[in-house]
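Colleague:
In the working numbering, the protein residues as written are 288 to 648.
1) Of the residues 331, 514 and 318, which one's Cα is nearest the Cα of residue 306?
2) Put residue 421 into one of helix, strand or coil per three-state DSSP.
3) Compute the beta-carbon to beta-carbon distance between residue 483 and residue 489, rounded to the nearest angstrom, for a pair I have assumed lies under 8 Å.
4) Use the C-beta contact count for residue 575: other C-beta atoms within 10 angstroms, 16 or more gives buried, fewer gives exposed.
5) Compare the beta carbon distance of residue 525 and residue 566 with 7 Å and say whether it is the shorter of the two.
6) Quick check on the DSSP output: what are the complete alpha helix (DSSP H) runs of length 4 or more inside the stretch 367-430, in order along the chain?
7) In angstroms with no decimal places, state the Cα-to-Cα distance between residue 599 and residue 514.
8) Let's see if you can read the secondary structure: which residues bound the alpha helix (DSSP H) around residue 336?
9) Taking only three categories from DSSP, how would you classify residue 537?
10) Between 398, 539 and 474, which lies nearest to residue 611 when the distance is taken from Cα to Cα?
11) Quick one: what does DSSP say residue 318 is sitting in, helix, strand or coil?
12) Excluding the 5 residues preceding and the 5 following residue 463 in the sequence, name in chain order all residues of the same chain whose CB lies nearer than 6 Å to its CB.
13) Evaluate the contact criterion for the stretch 448-462 versus the stretch 471-478: three or more CB pairs, one atom per stretch, below 8 Å.
14) Report the rounded CA-to-CA distance for residue 550 versus residue 340, giving the unit in angstroms.
15) Quick one: any contact between the stretch 401-419 and the stretch 427-446, if contact means 3 or more CB pairs under 8 Å?
16) Quick one: what does DSSP say residue 440 is sitting in, helix, strand or coil?
17) Using the Cα positions of residue 554 and residue 523, report the straight-line distance between them to the nearest angstrom.
18) Would you kindly report the start and end of the unbroken alpha helix (DSSP H) that includes residue 645?
19) Take residue 364 and list the residues in its own chain whose beta-carbon comes closer than 7 Å to its own, dropping the five residues that flank it on each side.
20) Keeping to the same chain, check which residues put their C-beta closer than 7 Å to that of residue 460; ignore five residues upstream and five downstream.
21) Using CA atoms only, rank isn't needed, just tell me which of 374, 472 and 347 is closest to residue 385.
22) Between the beta-carbon of residue 423 and the beta-carbon of residue 491, is there less than 7 Å?
23) Return yes when the Cβ of residue 533 is within less than 7 Å of the Cβ of residue 543, no when it is not.
24) Going by beta-carbon coordinates alone, are residue 508 and residue 564 separated by less than 7 Å?
25) With a Cβ-Cβ cutoff of 7 Å, do residue 570 and residue 465 count as a contact?
26) Look at the alpha carbon of residue 352 and the alpha carbon of residue 393, and state the distance between them as a whole number of angstroms.
27) On the three-state DSSP scale, how would you describe residue 455?
28) Taking residue 601 as part of the alpha helix (DSSP H), name the residues at either end of that continuous run.
29) By a C-beta neighbour count over all protein chains shown, 10 Å radius and 16 as the cutoff for buried, is residue 343 buried or exposed?
30) Can you tell me the Cβ-Cβ gap for residue 537 and residue 596, rounded? I've got them flagged as a contact below 8 Å.
31) Below 7 Å between beta carbons: does that hold for residue 347 and residue 417?
32) What do you reckon, are the CB atoms on residue 561 and residue 531 nearer than 7 Å?
33) When the Cα atoms are used, what is the spatial distance from residue 402 to residue 446?
34) Taking only runs of the beta strand (DSSP E) that begin and end inside the stretch 512-562, which ones reach a length of at least 3 residues, in chain order?
35) Under a three-way DSSP split, which group does residue 295 fall into?
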């Protein structure tokens with residue numbers, strides 16, 4: 288269950304359990320299980336624990352993980368569960384200082400986005416967001432919004448406005464932000480329900496988000512199809528996403544140059560700027576930006592794989608896996624999930640435990 292859904296859905300789960308049932312919250316490591324367990328404890332649910340070190344600790348202890356489980360559906364919460372979550376939200380708002388914006392105040396804040404950074408975040412599930420959301424709000428599931436606050440609000444001390452369908456989930460996430468020291472944090476009073484009731488239209492679907500400068504970059508580079516690249520491969524093919532993405536699958540013979548190191552490494556891989564270069568990535572967007580950079584560096588014959596490796600695989604073309612085209616041991620990403628070995632898990636857990644001790648002191 289996603290962490291941001293816990294307060295809304297735990298009542299329906301708990302009512303089917305015996306009174307003396309122990310509830311264990313776990314994640315891959317520590318952070319999300321600690322956050323989730325604390326949510327349930329503050330709701331007054333007894334016998335709640337976080338699994339120490341999560342699935343990483345489970346594996347390190349010699350146990351096997353279950354894979355392929357289908358227990359992922361989230362049924363609609365009952366009226367009783369909604370009432371409990373809303374009551375909990377009211378208590379969180381009072382205890383943690385969460386403030387609310389009514390629809391008029393929300394519209395006023397939205398009108399100021401051209402003058403100051405204001406982050407509008409919808410914390411519901413992807414399905415709910417796609418079914419209808421307030422225009423201008425970005426989807427960021429609640430649990431991940433807590434985990435990745437630096438991705439939610441890039442500009443420090445900026446205003447952050449959370450919404451859901453009522454108050455419960457937006458207040459829960461806003462309360463965590465208040466506890467983390469964010470000052471200018473609000474929840475929309477009534478959420479999408481209040482917006483629609485006021486006559487506001489809801490947008491549907493998940494928006495296509497493109498990196499800054501992407502549209503401009505598209506106009507400076509030539510795109511080629513997977514079939515064209517396979518039929519006439521240039522002298523150099525490079526892959527610019529992460530080493531993990533590269534290892535999962537790349538055009539046979541491609542060399543890995545992470546986008547952040549492109550300007551530093553390209554001269555070693557492609558010394559002559561007259562050499563034909565095809566740039567690839569997972570979905571084509573990063574490659575487009577990298578291709579535009581190569582043009583700026585003076586490379587004269589640059590093409591980009593349209594749709595990236597996703598399109599390549601859909602075309603049924605051969606795929607090379609592993610790190611055979613890597614110039615040096617990758618250090619661009621911290622291994623996570625199934626990509627972690629025992630040493631990775633142990634190092635991460637030691638670091639996170641030390642981090643907790645450092646700031647607890």
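Built from N, CA and C at the ideal position, the CB exists for glycine as well.
Modeller: In short, the structure shows the following:
1) 331
2) coil
3) 6 Å
4) buried
5) yes
6) 390-398 and 413-418
7) 8 Å
8) No alpha helix (DSSP H) holds residue 336; the beta strand (DSSP E) holding it covers 335-337.
9) strand
10) 539
11) helix
12) 433
13) yes
14) 39 Å
15) yes
16) coil
17) 12 Å
18) 629-647
19) 295, 296 and 299
20) 291, 410, 429, 432, 433 and 449
21) 472
22) no
23) yes
24) no
25) no
26) 45 Å
27) helix
28) 595-601
29) buried
30) 7 Å
31) no
32) no
33) 12 Å
34) 523-526
35) helix
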